Amino acid sequence: MKRILQILSFFLLFDISANSQQSLQIKFYDIDGNIKIVNYKVKRPKIALVLSGGGARGLSHIGVLKVFDEYNIPIDYIIGTSMGSIVGGLYCAGLKAEEIERIATTTNWDYVLTLGEREDKANLFLERKYLIEKSFIYFRFKGFKPLIPSYVSSGQGITESLLKIFFKTPFHYVTNYEELKPKFYSVATDLISGRRIIFSKGNLVYVVRASSTIPLAFQPVSMDSLVLVDGGLISNIPADVARELGCDIVITVDATSPLRNPTDIQLPWNTADQIVGIMMQLSNEVQLEKSDIVLKPNLDNINSTDFEKADLIIKRGKEIAKEKIDEIISLIESKCEILSDGETQKFSNYKLKVYGDGLPADVVSTIFQKNEITDEEIVKSLSKLLSEGEYGKIDIEVHKNSNIDEIIIWTELNPRVKRVNVYPQSMRNFQMDFSRFKSDIFSSVEISDSSFVFHPKSVVYFSESEIYKISREILSVFHFYGYPFVKVRTLEFNDSSNELNIYLTDGYVSDIRISGNKNTKNSVVLRDVMFKKGEVLTDDKVIKTLQNLWSTNLFSQIRFDYEVNDSVKVALHLQESPSQFLRIGMRIDSERGGQFFSDFRNENTFGLNDDFGMTLQGGMRNLLFKLEYKVDRLFNTMFTYRLNFYNSVRKVYTYETIYGDKSFFLKNNGEIKFGYGGFELSVGGQFERLGNTLLKYQVEEAFVKNVSRVEFKDEKNLLSKLQLSIVVDSRDRAYFPNRGIYLNAYYETSQKFLGSDIAYSKIFFSYENYNTYFKYGALRLKFLFGLCDESTPLSQQFFIGSITGLNSFAGMREDEIYGRQVIIGGVEARFKSPIKVMFENFISLRYDIGAGWEKLEAVRWKDLRHGVGIEIGFDTPIGALRIIVGKSFILKKIEKNEVLWGPIVSQFSLGFE
1 MKRILQILSF FLLFDISANS QQSLQIKFYD IDGNIKIVNY KVKRPKIALV
51 LSGGGARGLS HIGVLKVFDE YNIPIDYIIG TSMGSIVGGL YCAGLKAEEI
101 ERIATTTNWD YVLTLGERED KANLFLERKY LIEKSFIYFR FKGFKPLIPS
151 YVSSGQGITE SLLKIFFKTP FHYVTNYEEL KPKFYSVATD LISGRRIIFS
201 KGNLVYVVRA SSTIPLAFQP VSMDSLVLVD GGLISNIPAD VARELGCDIV
251 ITVDATSPLR NPTDIQLPWN TADQIVGIMM QLSNEVQLEK SDIVLKPNLD
301 NINSTDFEKA DLIIKRGKEI AKEKIDEIIS LIESKCEILS DGETQKFSNY
351 KLKVYGDGLP ADVVSTIFQK NEITDEEIVK SLSKLLSEGE YGKIDIEVHK
401 NSNIDEIIIW TELNPRVKRV NVYPQSMRNF QMDFSRFKSD IFSSVEISDS
451 SFVFHPKSVV YFSESEIYKI SREILSVFHF YGYPFVKVRT LEFNDSSNEL
501 NIYLTDGYVS DIRISGNKNT KNSVVLRDVM FKKGEVLTDD KVIKTLQNLW
551 STNLFSQIRF DYEVNDSVKV ALHLQESPSQ FLRIGMRIDS ERGGQFFSDF
601 RNENTFGLND DFGMTLQGGM RNLLFKLEYK VDRLFNTMFT YRLNFYNSVR
651 KVYTYETIYG DKSFFLKNNG EIKFGYGGFE LSVGGQFERL GNTLLKYQVE
701 EAFVKNVSRV EFKDEKNLLS KLQLSIVVDS RDRAYFPNRG IYLNAYYETS
751 QKFLGSDIAY SKIFFSYENY NTYFKYGALR LKFLFGLCDE STPLSQQFFI
801 GSITGLNSFA GMREDEIYGR QVIIGGVEAR FKSPIKVMFE NFISLRYDIG
851 AGWEKLEAVR WKDLRHGVGI EIGFDTPIGA LRIIVGKSFI LKKIEKNEVL
901 WGPIVSQFSL GFE
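With the UniProt record's numbering applied, the sequence shown covers 1 to 913.
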């Protein structure tokens, strides 16, 4: 015989709840054998837990939930605002309090809540990376009119983090919160109407995100016609919601913040928060009066941003809950009711007989060894046994005799579950390593050809409450391993083998819908979607899709909705951004003085995520103007093309090295000017978002003119050239990277049959490698060489010496050495200071070796220049600040350790690189 349950039953309240009353009956036999049947219903109060806002202080809710779990305090509803909504949502979605605690104490909250946009270099195409790195501020335009942002950050990083967390919960896909256990309600504020919005349905992630969105700091969440922000603006302690739901007991955890000190309200969003706090004081007092019990943790000297104190905050929550636990239990017991259709019966002289599977010893000792008991005490105790899932049936009879009453109880245990067989739709969809498997319910997992076999640790009975726990654990396992859309379809219990069979839906995508992209073509959106119809949807595919779409810079908000039944229906709700940008950057350095950078472009000219833009960059000693049209991805391919027209000039000091017996110094021989103007057409392919390979055709007029140098011959050439290049950049950050590589190599040729005045060819190769070997340190290795033939004009030769960049060299001035053949090698050890002085700061030690030659036959290893240097760096909002002191030297005679030392060169730079 087999029993089949549908998954719908899992969301019922399986214990004795206010909605599903526990029923029993007692058969009374009098002395004459007449029977009277009395029916009993055990009804406990409907209990609501109200979790307030409070930022980091709201983590104290976790401590309260841990104590409630420890004492088996039943909760029917959780109503949350802001951080209370996050904690409550995770708990109702199936996480245990200790699991939420682990998330709270291991999450990098500074990273999650950072203001400003988290542009992950790994998600950007190369040209976009370098464009963003050069600018420290940008302005959006719509129809050439500047737009003033109403928030500091889009909050997309928060959304991404919440998705990652909620995807690990068993029931994140439930959209009707009445089906959750406990039932869940979340409070947000609609900025348009000013109304309080109470959510009992919807996508959990975005409902929770809306409830915790700080106005001004983060972009509001748009849902249909609603523009949603933090529920604490109107209702930071929503106890009245619990009363409106008809709850008998309302327990409120008040983690709200006191008013800020004068020193804490300098920033505009902190000032706004202070104003809201003042307005909410009276409302909070009214809401607390609607609560039966208020838990106010001792959070003195803890601010709403002190997430690094998560352990302490959770501990304070536990302390207040334990302090109030007796009061809570007493209140619940006082409101428990036993309803019957008979009068209360007392038994002072009785004899107990138990048949069948018996009763637990603690029940017998606490109830049936009293001198006097009542029928209500018997019913209350045995009803609790039924609710716990171990017993499936309990019958009670009372036989009245002249001398003694006989209380006869027949019990029947539910069948044991000895093994759980989990059947996905296809075993090939899942790659899971159970070598480190841990579970509260299961001891081990075996993998067969068609199923995953879970072995219970201890005795598990076939009951609705136990099935819920098993299903929650099974779903947690699959969701933890990256399959968040796996769902239980049906269950089947075999009485003869005591095996529970669970049949899953694997999470196949059946539909992908897109909305909100008024200008952007559907194909542009779909090409960045990392899953297709008919595929099993995984968490990494979802996150990568969102990162890809976010990196296009076309959307101010991306909402990933999903409906999970037998398959997954995905809906991408997009909110397009104006695509005109003005980006501004700056640089100040000791070699070229001040420089500016400005770039104005439309990044979605024809709805293809295509750029048409103009760049102006330079200062007193250099200037660049460029007009460009480019497409990073052509249709659904990784092909790319670009066309640009440019004109640039650059002034360069020329130096002569004067050698002495033990030292050398530099003589400035005057200044020359390089100029380039023409156009470039490039076609090629992208290596995902790590790099590209391009074939370039370039026509330019290149000149070198004398500015102040004696005896210099000007040159001017029309060059028509082809270049095949490859660039790979996996560095993890723009400035002071910790890991990754940078590779730049090309072959270039200019030939007369292409229309050039001069024919030449050259090869260039450079490579940088960054690795972190300990907590505060990184090592950089660098190698570069360039070769070109003797006909190569000066305008196309290689230079050594710069403050930053591939050709930087410790102890050299900018462009100090040039030639047709160059080689550089270097190593740098960088140490991050554990103390943050306004910005992240570093100290670096470096060694470089290299040289340049005019002709290949002139290459001599003894000409190699060596350089040592020390650098102090700061990662500031406008770019890297570098202060460098270096000294170069030449080994005159290696065998005699004769060294020629150059001058000490001090340099600094601030801004783009």
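Where is the CB? At the ideal position from N, CA and C, for every residue including glycine.
Nothing here was measured: the structure is a model prediction, and the numbers come from that model.
Starting from residue i, trace the alpha helix (DSSP H) both ways and give me its first and last residue.
i	result
Thr105	97-106
His455	His455 -> not in any alpha helix (DSSP H); beta strand (DSSP E) instead, spanning 452-456.
Arg209	204-211
Asp566	Unbroken run through Asp566: none, as it is neither H nor E.
Tyr503	Unbroken run through Tyr503 is the beta strand (DSSP E), 499-505; no alpha helix (DSSP H).
Gly786	Here Gly786 belongs to no alpha helix (DSSP H); instead the beta strand (DSSP E) covers 777-788.
Phe765	No alpha helix (DSSP H) holds Phe765; the beta strand (DSSP E) holding it covers 760-774.
Leu864	Segment: none, Leu864 is in no alpha helix (DSSP H) and carries neither H nor E.
For a test of the three-state rule: what should DSSP assign to residue i, helix, strand or coil?
i	result
Asn668	strand
His399	strand
Gln907	strand
Asn841	strand
Thr366	helix
Val524	helix
Gln6	For Gln6, the predicted model reports a pLDDT of 42, less than 50, meaning its position is unreliable and no value from the coordinates is stated.
Asn548	helix
Thr256	coil
Asp224	coil
Asp540	helix
Val859	coil
Met812	coil
Gly54	coil
Val733	The question names Val, but residue 733 is Arg in the sequence shown. Coil at Arg733, not helix or strand.
Asn429	helix
Phe753	helix
Asn303	coil
Val42	strand
Arg846	strand
Could you pull the start and end residues of the beta strand (DSSP E) that residue i belongs to?
i	result
Gln723	715-729
residue 997	Any answer about residue 997 is impossible in this case: the structure gives the chain only from 1 up to 913.
Ser750	740-750
Gly592	The amino acid at residue 592 is misidentified as Gly; the sequence shows Arg. Looking at the DSSP string, Arg592 is not in any beta strand (DSSP E), and its letter there is neither H nor E.
Val354	350-356
Ala829	821-832
Tyr91	Unbroken run through Tyr91 is the alpha helix (DSSP H), 83-92; no beta strand (DSSP E).
Going by C-alpha distance, which of the options is nearest residue i?
i	options	result
Gln751	Asn717, Thr552, Ala310	Asn717
Asp495	Ser756, Lys418, Asp528, Leu526	Lys418
Leu856	Arg830, Asp789, Thr772, Ile320	Asp789
Ser330	Lys353, Ile293, Val354	Ile293
Pro793	Gly740, Ser577, Gly902, Lys705	Lys705
Asn176	Val564, Val460, Cys247	Val564
Tyr355	Ile328, Ile396, Ile332	Ile396
Arg513	Ile328, Leu681, Phe480, Ile558	Ile558
Val525	Asn72, Arg601, Asn636	Asn636
Tyr629	Arg621, Ser222, Thr640	Thr640
Is the CB of residue i under 8 Å away from at least one CB in chain D?
i	result
Asp506	No chain D is present in this structure, which holds just one protein chain.
Pop quiz: residue i and residue j are said to be a contact at Cβ under 8 Å. What is the actual Cβ separation, rounded to whole angstroms?
i	j	result
Phe703	Glu715	6 Å
Val885	Gly850	That belief does not hold up - the Cβ atoms of Val885 and Gly850 are roughly 19 Å apart, past 8 Å.
Ser439	Glu473	6 Å
Ser135	Ile584	6 Å
Leu299	Ser60	7 Å
Leu126	Gly691	6 Å
Tyr770	Asn744	The pair is not a contact, with the Cβ atoms about 15 Å apart (cut-off 8 Å).
Val87	Gly80	7 Å
Phe831	Gly879	Contact doesn't hold; Cβ gap of about 21 Å is too wide.
- Entirely within the stretch 110-150 and at least 3 residues each: give me those beta strand (DSSP E) ranges in chain order. 137-142
- Task: Counting only runs of 3+ residues fully inside the stretch 632-716, write out the beta strand (DSSP E) ranges in chain order.
- Result: 639-659, 664-687, 691-706
- Message: Could you tell me which whole beta strand (DSSP E) segments of length 3 or greater appear in the stretch 153-218?
- Response: 183-190, 196-199
- Message: Which complete alpha helix (DSSP H) runs does the stretch 462-517 hold, if anything under 4 residues is left out?
- Response: 464-480
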